[in-house]
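Trainee:
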């Protein structure tokens, strides 16, 4: 009997059938109450099963009332699979846990997590109401139609590439993919960056939500937030990483095993660095400066872990340690200018400071803030792996035996490896000269994230005026041309409109009347000839 009194007390608000099922699942370990009058002492958790036909505003209001009445007890919301709410709406609800289409065996573990101070969001939507389609103009229709055709053709080419064709067929397919990527960039440049419905055509400002979203936060501290993100990223990398970013990545040159080892090594080194920064208790600019100082060493240790400390390969008649040779030959102190400022991310991971997400200041344990942190860490992870992979490709060009160990089989040929390096260099120059100034002028930042086992792009809108002022004169010419285009576009449009009105006047009032007079004269002449006949 004393053990029953010490058990946590739960309040279940649900329909009778579901309520009986929850009681059978939770009653042995917890004290259950189905009415407020049955409560005795402190309440540990409120479980509310909501129907799917409740409007979103009413659902938020009910949750706020439950919070005010039963504070500080956490609230677990149970939802059916088919609801009119989007995943973004559910993540904003004022509750500590959401289970959508929950399995019976997972409910006790979720209850235990919430009672220990954690948070759980498990979303499995069957369908969601789509917003009403907005009217689009002729330019938007052309852009959307062209991008959808390009995307379909890219998927067709990737399907045939997965069949492992050889010889000229593979070269033709790779060339076709490059042509489609160039055509896509040309379309976006001609018609401007529009927020389109196609995720690959124009990445939206909000992150693409997958069908199944699972967030389990054991503790609401900085350590708990980092452990949750680390677990999600590790699971995404273990499931296999493919490139769907629309860009050529040096990371693709590595074998699947070494690609995975490199990403996991970066996560492991980041974990150690975050722990070290917590012990040093730095703040502000000192924290960011310390982070930048540790980047070369972090990359070097990750490269050693990926290459293997005890692996030796032949070179010029002798055996050389791969890790030592790569670390001494690679330049790992480079800086990626497209990386966002690290201070907001570090302050949230180290000191649990709030994070600005979509104009709202959120605590790091909030679902939207956690997902935003995950995107920032994923972007750092992919860009750091890209920098290391580019250096590895450079080393492999002068060490043939290293290619068999680290690179894909098709890159063993010198021509294929040099072609890949030249394409990467051309892409980097094009991005530095043209794409980056355009993104700076339009206050956009390209992030890379893991979505359903693939590297996908994400455009984040944020002010970048300081970076814009640091551009070289050649890059500023690009921004001036864009500004000139925006300034002249209304006048050109007005001129074309007035020119069209003038053409209409000429066709109807001048040429039309002249044709009418000519026709009338012909008819009169025919009438006279008939009367004379």
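Residue numbers (the working numbering): 1069 to 1601. Virtual Cβ for every residue (Gly too), placed ideally from N, Cα, C.
In whole angstroms, what is the alpha-carbon distance linking residue 1388 and residue 1485?
Mentor: 22 Å
Trainee: Which class does residue 1190 belong to by DSSP, given the choice of helix, strand or coil?
Mentor: strand
Trainee: Would the stretch 1237–1253 and the stretch 1141–1160 be scored as touching if the rule is three or more Cβ pairs under 8 Å?
Mentor: no
Trainee: Should the stretch 1538–1551 be regarded as contacting the stretch 1498–1508, the criterion being three or more beta carbon pairs within less than 8 Å?
Mentor: Flag = yes, the stretch 1538–1551 and the stretch 1498–1508 touch.
Trainee: For residue 1491, which residues from the same chain have a beta carbon less than 7 Å from its beta carbon, with the 5 sequence-adjacent residues on both sides left out?
Mentor: 1316
Trainee: DSSP beta-bridge partners for residue 1323?
Mentor: According to DSSP, residue 1323 bridges with nothing at all.
Trainee: Please report the residue range of the alpha helix (DSSP H) in which residue 1448 lies.
Mentor: 1435–1464
Trainee: Which of helix, strand or coil does DSSP assign to residue 1129?
Mentor: Assigned with DSSP and collapsed to three states, residue 1129 falls in helix.
Trainee: Could you check if residue 1549 is buried or exposed, using at least 16 other CB atoms within 10 Å of its CB as the buried criterion?
Mentor: Residue 1549 should be labelled exposed.
Trainee: For the 8 Å Cβ check, are there 3 or more pairs between the stretch 1429–1442 and the stretch 1341–1351?
Mentor: Counting C-beta pairs closer than 8 Å gives fewer than three between the stretch 1429–1442 and the stretch 1341–1351, which falls short of the contact rule.
Trainee: In chain order, what residues of the same chain lie with their CB nearer than 6 Å to the CB of residue 1076, ignoring the 5 residues before and after it?
Mentor: 1098, 1112, 1183
Trainee: How many Å lie between residue 1538 and residue 1174 at the Cα?
Mentor: 53 Å
Trainee: Quick one: give me the first and last residue of the alpha helix (DSSP H) that residue 1359 is part of.
Mentor: Note, residue 1359: alpha helix (DSSP H), 1352–1375.
Trainee: Rounded to the nearest angstrom, what separates residue 1482 and residue 1241 at their Cα positions?
Mentor: 20 Å
Trainee: When burial is assigned at 16 or more other CB atoms within 10 Å of the CB, is residue 1137 buried or exposed?
Mentor: exposed
Trainee: List in chain order: all unbroken beta strand (DSSP E) runs of 3+ residues lying wholly within the stretch 1514–1549.
Mentor: 1522–1529
Trainee: Around the C-beta of residue 1432, are 16 or more other C-beta atoms found within 10 angstroms, so that it is buried, or is it exposed?
Mentor: Per the 10 Å Cβ criterion, buried.
Trainee: If you follow the alpha helix (DSSP H) that residue 1179 is in, where does it begin and where does it stop?
Mentor: 1175–1183
Trainee: Specify the secondary structure class of residue 1397 as computed by DSSP and reduced to three states.
Mentor: helix
Trainee: In chain order, what residues of the same chain have a beta carbon less than 7 Å from the beta carbon of residue 1086, not counting five sequence neighbours either side?
Mentor: The beta carbon of residue 1086 is closer than 7 Å to those of 1117 in its chain, skipping five residues each way along the sequence.
Trainee: So what's residue 1250 in DSSP terms, helix, strand or just coil?
Mentor: Helix at residue 1250.
Trainee: Mapping DSSP to helix, strand and coil, what is residue 1589?
Mentor: helix
Trainee: Write down the C-beta distance between residue 1321 and residue 1461 rounded to the nearest angstrom, noting that I regard them as a contact closer than 8 Å.
Mentor: 5 Å
Trainee: Note down, in chain order, each residue of its chain lying with its Cβ closer than 7 Å to the Cβ of residue 1425, except the 5 sequence neighbours on either side.
Mentor: 1436, 1437, 1440
Trainee: Less than 8 Å between the CB atoms is what I'm expecting for residue 1114 and residue 1143, so what's the real figure, rounded?
Mentor: Contact holds; Cβ gap of about 5 Å.
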